[in-house]
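Novice:
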Amino acid sequence: MTKKGKITGSHWCSAVNCSKNKLQDKSLSFFRFPLDAERSKRWVVNSCRQDLEKKDPKYLYNNCRICSNHFEDSMFRGNLKNRLKENAVPTIFAVPNPPKSIGSKRRLLVNTASTHGKRRKTDTAKKLLKRSTTDELGESTSLLVTEDSYEAMETNEGLQNDEEPHNQPGSSESEIQQSQACQTSSYLTHGTPRKKKMQRKLAIQHKQLVRLKHALKKKEEKCNEKKALSTLRKLLPKQIVDFVEMQLKLHKKRGKGRRYSPELKSFSLSLYHVSGRAYRLLSKFFYLPSKRSLRRWVSRLPGTPGITEAAMNVIETKVKVMNSISKICSVCIDEMSLKTNLIYDISADEVLGFVDLGAGKKCELIATSALVVMACGMADKWKQPLGYFLVHESCKSIDVKRILFDAIDKLDSIGLKVVCVISDLGSNFQKLVRELGVTPTQPWFLTESGKKIIFLYDPPHLIKAVRNNLMKYDFHFGGKVASWQDVKSLYDRDSSLSIRCCPKLTDKHINPNGFTKMKVKLATQVLSHTVATAISTYAYHSQTGPFGGLLAPASNFEDYIVTLEDMFVESLPSVVFKVGVAFHSNEIYYALKFRNRQLLSPGESKKCKKYFKNDSFSLEAGQSSSTESDTLDLNKHLINHMSSLTTRPKHLKLMHLNTQSMVSTFDELVLTMKQYPFDVICMSETWLKDNPLLLQHVNIPGYTSEFRNRDSIKGGGVGAYINESLKYRRRSDIEKKEPSLEHLWLEFPGRNKHSKLLVGTIYRSEKMLKCTEWLERFENLLGYLTASWDGLILHVQKPTRTTYKSSTLIDHIISNSPTRISHTDVLPCPLVSDHDAVYACINIKVTRFETRYKYIRCEKNFNDLNFVEDFKTLPLSVIYGVADPDEKLDILNSLITECIERHAPLRRTKITRPPAPWLKDPTIQDLQEQRNVLQASARRSKDAQAWELFRSARNRLKALIKTAKKKFMQKMLSSKKPKEVWKVIHRILHPEPRRITIHPDKLNSHFTSTAERTIGTDVNDNNSYDTIRNMIDSLPPDYDNGFHINPVTLSEVVNEIRCLRGDCSTGPDHIPAKMIKIVAEYLGSPLTDIINTCIANRSFPSAWKIARICAIPKVKQITSENDLRPISILPVLSKVYERLIFHQLSKFIDDNKLLSSTISAYRKGQSTTTVMQAIRDDITKAMSR
1 MTKKGKITGS
11 HWCSAVNCSK
21 NKLQDKSLSF
31 FRFPLDAERS
41 KRWVVNSCRQ
51 DLEKKDPKYL
61 YNNCRICSNH
71 FEDSMFRGNL
81 KNRLKENAVP
91 TIFAVPNPPK
101 SIGSKRRLLV
111 NTASTHGKRR
121 KTDTAKKLLK
131 RSTTDELGES
141 TSLLVTEDSY
151 EAMETNEGLQ
161 NDEEPHNQPG
171 SSESEIQQSQ
181 ACQTSSYLTH
191 GTPRKKKMQR
201 KLAIQHKQLV
211 RLKHALKKKE
221 EKCNEKKALS
231 TLRKLLPKQI
241 VDFVEMQLKL
251 HKKRGKGRRY
261 SPELKSFSLS
271 LYHVSGRAYR
281 LLSKFFYLPS
291 KRSLRRWVSR
301 LPGTPGITEA
311 AMNVIETKVK
321 VMNSISKICS
331 VCIDEMSLKT
341 NLIYDISADE
351 VLGFVDLGAG
361 KKCELIATSA
371 LVVMACGMAD
381 KWKQPLGYFL
391 VHESCKSIDV
401 KRILFDAIDK
411 LDSIGLKVVC
421 VISDLGSNFQ
431 KLVRELGVTP
441 TQPWFLTESG
451 KKIIFLYDPP
461 HLIKAVRNNL
471 MKYDFHFGGK
481 VASWQDVKSL
491 YDRDSSLSIR
501 CCPKLTDKHI
511 NPNGFTKMKV
521 KLATQVLSHT
531 VATAISTYAY
541 HSQTGPFGGL
551 LAPASNFEDY
561 IVTLEDMFVE
571 SLPSVVFKVG
581 VAFHSNEIYY
591 ALKFRNRQLL
601 SPGESKKCKK
611 YFKNDSFSLE
621 AGQSSSTESD
631 TLDLNKHLIN
641 HMSSLTTRPK
651 HLKLMHLNTQ
661 SMVSTFDELV
671 LTMKQYPFDV
681 ICMSETWLKD
691 NPLLLQHVNI
701 PGYTSEFRNR
711 DSIKGGGVGA
721 YINESLKYRR
731 RSDIEKKEPS
741 LEHLWLEFPG
751 RNKHSKLLVG
761 TIYRSEKMLK
771 CTEWLERFEN
781 LLGYLTASWD
791 GLILHVQKPT
801 RTTYKSSTLI
811 DHIISNSPTR
821 ISHTDVLPCP
831 LVSDHDAVYA
841 CINIKVTRFE
851 TRYKYIRCEK
861 NFNDLNFVED
871 FKTLPLSVIY
881 GVADPDEKLD
891 ILNSLITECI
901 ERHAPLRRTK
911 ITRPPAPWLK
921 DPTIQDLQEQ
931 RNVLQASARR
941 SKDAQAWELF
951 RSARNRLKAL
961 IKTAKKKFMQ
971 KMLSSKKPKE
981 VWKVIHRILH
991 PEPRRITIHP
1001 DKLNSHFTST
1011 AERTIGTDVN
1021 DNNSYDTIRN
1031 MIDSLPPDYD
1041 NGFHINPVTL
1051 SEVVNEIRCL
1061 RGDCSTGPDH
1071 IPAKMIKIVA
1081 EYLGSPLTDI
1091 INTCIANRSF
1101 PSAWKIARIC
1111 AIPKVKQITS
1121 ENDLRPISIL
1131 PVLSKVYERL
1141 IFHQLSKFID
1151 DNKLLSSTIS
1161 AYRKGQSTTT
1171 VMQAIRDDIT
1181 KAMSR
C-alpha cells in the first residue's frame, strides 16, 4: 500500500458477488473499511458479509477493502473517484434487496428565492442524474427517482455543502450561490481543448525533467568514477587499475555494444589458454570477450605458413631494449600432429589445410602435421614463435635445413645471437644432424655465413630414450652391465614392505604403456640415485642380510646412474639445471648408502654422519667396523618405530619436532606424518606469520592446525596439528598468563569429566628471553598449573640433534605423571630438520568417532490406520474462518505436528558410530548377544574354557560381519539407482564425518549475505523492492495473453501430495513427507484453501520461507565459511505450493512457445542427449547439402 486508502493491486474487493482486483481494472480504486465502529458496521451490513459482522473495526481496516464500483458518484470528492467523503457509505451491490440509495436524499445547492427557479433547477437535476446513471450503469439498468426524493436530496446536499461557501473569504452569499448554480458539471469539462493542451505541455516538461535528471546522474557517476580511479592508482599497480577502468566502461554498455581493447583481448586469450574452465568462471563476474570474439580476433592476425613478418617485428622491438646477454638465444624446432581438415578462407579466397612450406611451396596433399619454429632466450626468460609450416606426416630434412637457416639469418639480421639449435629425436631431425655433419666430437655445424651453431637433442627426450632402451637391452659400460631386471626385482620386493625405500616407484614406472612412456617424470624417477642406491643396498645384503636371493651381489645399476649423470653434466652443462633434479644427491641417498658402507667414499661417510648417530663406522672405503653388530640398520630402525606406534591403538600418540621453517620443508613434513599414525604433532621454530594465505598453505588434510606466531622478530613460533577425530580445546588462558613465553596449550578430555590431559609446546630462544629470565617465567607458569620442578620427569635420554662434531639432547618430553607414558623414543627426520623428533605414547582413552546427536522420529509403535483415524478428528474447519494465510498455515502446522507427535514422537538420538546396515541381519544380532553372554560368563568364572568359548564366538562374529559387509557393498554398488551407489561410495571414502568448528550464528550470517557479497546489493533494502513493485505495477495489463496464477483445485493438491518423495529430509517444521502422503485426501481441502488464499493475496507464507541449512564441506580441510556449501531443506508443504505454480508457468510457456525448441535445460523429456542429437542432425543436413 503506497497511500492511505489506495491499493496497489495486492487486494481483492470484499463485497459479495464481486471479484474485482487491481490487475483486472487499473482504473478502479480500493478503500479500507473505516475505523469508526458505527460506519464500519454499516459498511458490513450493506456489503451483505455476515462472516465479517463479528470482526472488530481494526481487523476490517487492515484486511478488507471495497472497490469504487459500490459507491455513488456523490460519495467522491472528485471526478477521479480516488477519494471518499468522510460520511461515504457503499450502496451499490448486485444482490436481490440492495440497500437504499443515499444519493436520492441529497439535493443540488440552488437558489431558493423563487419557486419557479427551484422547479427549473430540479428539472435540470433530473436530466443530469438520468444521463449520468445511464452512462454509468448502462442501458439495462434503471433507477426509480421521484420528486419527493429530489426534495430530500436537495435538503441533504444543502446540509452537506453548507460550509463550502465560507471557505472563500470576500465573497457574498448570493455570489457564491449564483456561481455554483451556473457552474458546468465536471464530467462535461473533463476533455476540453484547453485542458488537453495543458496536459501536453505538462508531459513535455516532465520528459525534459526526467532527461535532465538522467544527465545529472550520469555526470555524478562519472565524477565518482574519476575519484575512485585516482584513489586506486595510488594503491594498486597500473595493470589492475586499467583493468578496473575497462570494466567500468564496459558496464555502461549493453551486451552487443561492448568493444574490447586489444590489451584486454590479449589478456583474455592468455587466460583462456591457461584454463578454459577458469575463463568461463571469470566471465560470469567480469566483462570478458566470448570465445567467438577471441576466435575472430585471432583469425584476423597474420598467420600464414612461413616465418611471419609480424613475429619478427615484435622481436625487433624487444631487441632494441635488450642488453648483450639477453640477446643470446636458441632456436627450437618441433613437430606436432594436426587433425586433417579443409577450411575455405573467404578473405583470401583459398582452401586451407593442404601442405604449405611457405614461399609459395604448396602441394595437393592434406597436411597432417605442423613444423613449429620458436626462438627462446638463454639468459632471460623470453620466447617467441617465429612461424609454422604445414607438412604431410613429417617434414623432409632438406626442407627443415632450409627453414632453419632462414630463421637463423633473420634472427641475426635483427641483432639476436643464435648459439644453438634444439630438437627432439625424430627420424627427420636425426637425418638432418647427419647431413649437417654433427658428431660427438664436433657437436656444431656452420651456417651459410660461416657461423658455428651447436646442435642439441632435447634432454627430456634423451632421458626417455635411455629408459626405453634400458627396458629392451642391457647396457654395457666399462666392463660392467646394467639391466632393467634389477629395477623390476627392486619394485617386486619394495612394494610389499610397509616402509619403502622407493615410495614413489609405482607400476607405471615398471610397465609403462604408450601414453605413460611420454612422461619425463616417470623416466627421471627410475633413473635416480634413490633407485640406484636401493638396488645396491639390496644387492649387498643379498646373501647375509634379510633380503637373500633378491638381487645378484654384483649389481652395477648405481655405477650406471653415476656414469649417466657424468655424461649429462659434461655434455649438457646449460640444460642440467632444468632436468638434472633426478640426479641430485639427497638425504635418502646417503641414508641408504650408509647401510652398505663399502660403497661409501671418505667424503660421503662424513655426510652420512649428519643423518646417523653411529660413530663407529669406518671413514675409509673398504675398511670394516669394529662394532659391526651394533651398526644401525635403517629398515629395522623404522620398523621398530612403526611397531611401537601400531601396537598401542587406543593410546594417544604425540610427537614433537623442531621444524626450522615449516614452509621450506612442508612437503617432507607431510610425507613423515603420513608414514606414522601420530594423533598430535607439536612443532617449534615454525617461522610462520599471521598471514591467512600462508597459514592456508600449511594445512594438512585430516588434521586441525593451531599456531602461535611471532609478530615482528624473525624465526621462532610454535604450533600443533591435531587429528580431526580428537576432541580438544585450546587453553588461551594459560598462554595469557605468561605472554612473553612462546608456548601453546591444548586440553584433551579423558575417560570422564574429572580426567583430562593438558599438552603444552614451549620453545626458548635467546632472542626473546635470556635463560635466567625464561626459567623464572616458566616457574611462574608451573605455579599457575599447580605443578613443581620436583614432580616433573624427563622421559627422553637419547640425543636429538647430531652433527659431525657433537650430539646434544635438546628436545625433551616432560610430564608430571610418568605412569601414563607407556613408550618414548627418538625418530630421525633428516628430510625435515637436523633435529630428530621425539614422541610418546600416552595411556589415555580418546574418542575416535565424535559423538553426534540427531532428531529422529520414533516409529516403533506407529500404525497407519490409527494415524488416519486420529487425523480425521482434527478440527481442520477452523482454518476456513481465518483470512490471513500465515495464521491459516500456523494453525495447520500445529494441528499436524500434534497429531504426528502422538504417534511418532521426535526424540534426540545419540550417534556414536557410523551407520552399519549390514548389522541388522538377525544371525549377526543373535551371535552378538551370544558373544556378550559368553564374555560376561568368562569374566565371572575366570575359567580358561569359558574364555576359549568367548574367543571362538567373537572370531565367528567378526568373520560373519566381514562377509555381510562385503555382500552389502557389492549389492549397493551394483544397484541401478545412482543415489544408492554414491551413498556407498561416500561411506567408503568418508567413513567419519568432518567436524565443523565454525559457530552456527557465524555460518548463518555468512550464508544469508551471499547475494550482498556476490552482487554488492543489500537484500534488506526496501528501496530496491519498491522499485521492482512500481515497475511491475506500471506495466500495461494483458488480460488475453498475459500469465495469471489461477486458483488450484482439490484434486491437483492431493495429486501433488501423493507425488512427494517419502525419503526426503524434513524442514524446520519437522513434518515428514511419508506421513503427509498417508493422509493426503484429508489434508488436501485445508491446504487447497491456504494455497488459494495465498494466490488471491499474492503472497507466500512466512513459515515456508524458513529453511534448515545443511553445510556440506567442499574441501577436505575446512578453514573458513567459504569452504562450506549450503543445502537448504524447505518444509514439505511448501514444495506442493511451488510445484503447482510451476505446472501453471510451464504450461503457459509451452502453450505460447516462449522458449526455443533448441533449449533443453530443465525441460520435461529433454536432456543433453536431445541437444547432441539435434547437433548431429544439423551436421548431417549440412553434409547432405
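For the sequence shown, UniProt numbering gives the first residue as 1, with consecutive numbering after it. All C-beta atoms, glycine included, are put in the ideal place defined by N, C-alpha and C.
Quick check on S423: buried or exposed, where buried means 16 or more other Cβ atoms within 10 Å of its Cβ?
Specialist: Buried: at least 16 other Cβ atoms inside 10 Å.
Novice: With distances taken between CB atoms, is the gap from residue 1194 to D690 smaller than 8 Å?
Specialist: Look at the range of the chain in this structure, 1 to 1185, and you will see that residue 1194 is not part of it.
Novice: Count the C-beta pairs between the stretch 862 to 870 and the stretch 1043 to 1054 that are closer than 8 Å, then say yes if the count reaches three, no if not.
Specialist: Judged by Cβ distances under 8 Å, the stretch 862 to 870 makes no contact with the stretch 1043 to 1054, as fewer than three pairs qualify.
Novice: Let me confirm a value: M1075 is counted as buried when at least 16 other C-beta atoms fall within 10 Å, else exposed. Which label applies?
Specialist: Result: buried.
Novice: Give a yes or no on whether the C-beta atoms belonging to P305 and G255 are separated by under 8 Å.
Specialist: No; because the gap between Cβ atoms is not below 8 Å, this pair is not in contact.
Novice: Roughly how many angstroms lie between the CA atoms of D884 and D51, to the nearest whole one?
Specialist: Taking the straight line joining both Cα atoms gives about 14 Å.
Novice: Below 8 Å CB to CB, which residues in the same chain sit around K401 once its five sequence neighbours on both sides are set aside?
Specialist: For K401, where only same-chain residues beyond five positions count, the Cβ hits under 8 Å are L432, E435, L436.
Novice: What is the residue span of the alpha helix (DSSP H) that N313 lies within?
Specialist: Here the alpha helix (DSSP H) through N313 covers 309 to 319.
Novice: Measure from the alpha carbon of L726 to the alpha carbon of each residue in F30, N1046, I813, I844, then state which is nearest.
Specialist: Nearest C-alpha to L726: I844.
Novice: Would a C-beta distance cut-off of 8 Å place L527 and L564 closer than the cut-off?
Specialist: In this structure, L564 lies closer than 8 Å to L527 by Cβ.
Novice: Measuring CB atoms only, is the stretch 59 to 78 touching the stretch 31 to 43, in the sense that at least three cross pairs come out at less than 8 Å?
Specialist: Segments in contact, yes.
Novice: Report the start-end ranges of each beta strand (DSSP E) in the stretch 455 to 540 that is 3 residues or longer and not cut off at the edges.
Specialist: Entirely contained in the stretch 455 to 540, the beta strand (DSSP E) runs reaching 3 residues are, in chain order, 475 to 477, 480 to 482.
Novice: Hey, could you find the ends of the beta strand (DSSP E) P385 is sitting in?
Specialist: Counting along the chain, the beta strand (DSSP E) containing P385 begins and ends at 383 to 391.
Novice: Quick check on the DSSP output: the beta strand (DSSP E) that includes S684 runs from which residue to which?
Specialist: Looking at the DSSP string, the run of the beta strand (DSSP E) that includes S684 is 680 to 684.
Novice: Any contact between the stretch 365 to 374 and the stretch 389 to 408? By contact I mean 3 or more CB pairs, one from each, below 8 Å.
Specialist: Contact holds: three or more Cβ-Cβ distances are below 8 Å.
Novice: Distance check for D36 and C899, CA to CA, integer angstroms please.
Specialist: Between C899 and D36, the C-alpha separation is close to 42 Å.
Novice: Using the Cα positions of S104 and S19, report the straight-line distance between them to the nearest angstrom.
Specialist: At S104, the pLDDT of 41 sits below 50, so the modelled position is not reliable and the matter cannot be decided from this model.
Novice: Comparing C-alpha positions only, which one of Y703, V663, Y260 sits nearest to L693?
Specialist: Closest option to L693, Cα to Cα, is V663.
Novice: What whole-angstrom Cβ distance do M75 and A88 have, given they're in contact under 8 Å?
Specialist: Between A88 and M75 the Cβ distance is about 4 Å, and since that is below 8 Å, they are a contact.
Novice: Once the 5 residues before and after V16 are set aside, which same chain residues still bring their CB inside 7 Å of it?
Specialist: These residues qualify, in order along the chain: S47, C48, R49, F93, V95.
Novice: Look up A953 in the DSSP assignment and say whether it is helix, strand or coil.
Specialist: Here A953 sits in helix by DSSP.
Novice: Between W444, D667, Q675, S661, which lies nearest to S498 when the distance is taken from Cα to Cα?
Specialist: With distances taken between Cα atoms, S498 lies closest to Q675.
Novice: Could you check the C-alpha separation between E393 and K508 for me, to the nearest Å?
Specialist: Those two C-alpha atoms are separated by around 30 Å.
Novice: Of the choices T704, I700, S712, E668, whose alpha-carbon is the least far from that of L688?
Specialist: Per the Cα distances, S712.
Novice: Check whether the Cβ atoms of S765 and V718 lie closer than 8 Å to each other.
Specialist: Not closer than 8 Å, so no.
Novice: Hey, which unbroken runs of the beta strand (DSSP E) at 3 residues or more fall wholly within the stretch 846 to 887?
Specialist: The qualifying runs are 852 to 857.
Novice: Using CA atoms only, rank isn't needed, just tell me which of H251, T506, H1070 is closest to I856.
Specialist: For I856, the nearest C-alpha among the options comes from H1070.
Novice: Decide yes or no for the touch test of the stretch 832 to 841 against the stretch 654 to 673: beta carbon pairs closer than 8 Å, at least 3 of them.
Specialist: Contact holds: three or more Cβ-Cβ distances are below 8 Å.
Novice: Mind checking who I814 pairs with in its DSSP beta bridge?
Specialist: Paired residue(s): L794.
Novice: Look at the alpha carbon of V1132 and the alpha carbon of I896, and state the distance between them as a whole number of angstroms.
Specialist: When rounded, the distance between both Cα atoms is 12 Å.
Novice: For G306, write down the residues that DSSP places opposite it in a beta bridge.
Specialist: Bridge partners of G306: Y388.
Novice: By the three-class DSSP mapping on this structure, what secondary structure does C899 have?
Specialist: C899 falls in the helix class under three-state DSSP.
Novice: Which runs of the beta strand (DSSP E), 3 residues or longer, sit entirely within the stretch 1056 to 1125?
Specialist: List check, beta strand (DSSP E) in window: 1108 to 1113.
Novice: Which stretch, first to last residue, makes up the alpha helix (DSSP H) that contains S337?
Specialist: S337 -> not in any alpha helix (DSSP H); beta strand (DSSP E) instead, spanning 328 to 337.
Novice: Are the beta-carbon atoms of P440 and I454 separated by less than 8 Å?
Specialist: No, they are not a contact pair.
Novice: Going by DSSP, which residues form a beta bridge with F707?
Specialist: In the DSSP output, where bridge partners are listed per residue, F707 has G719.
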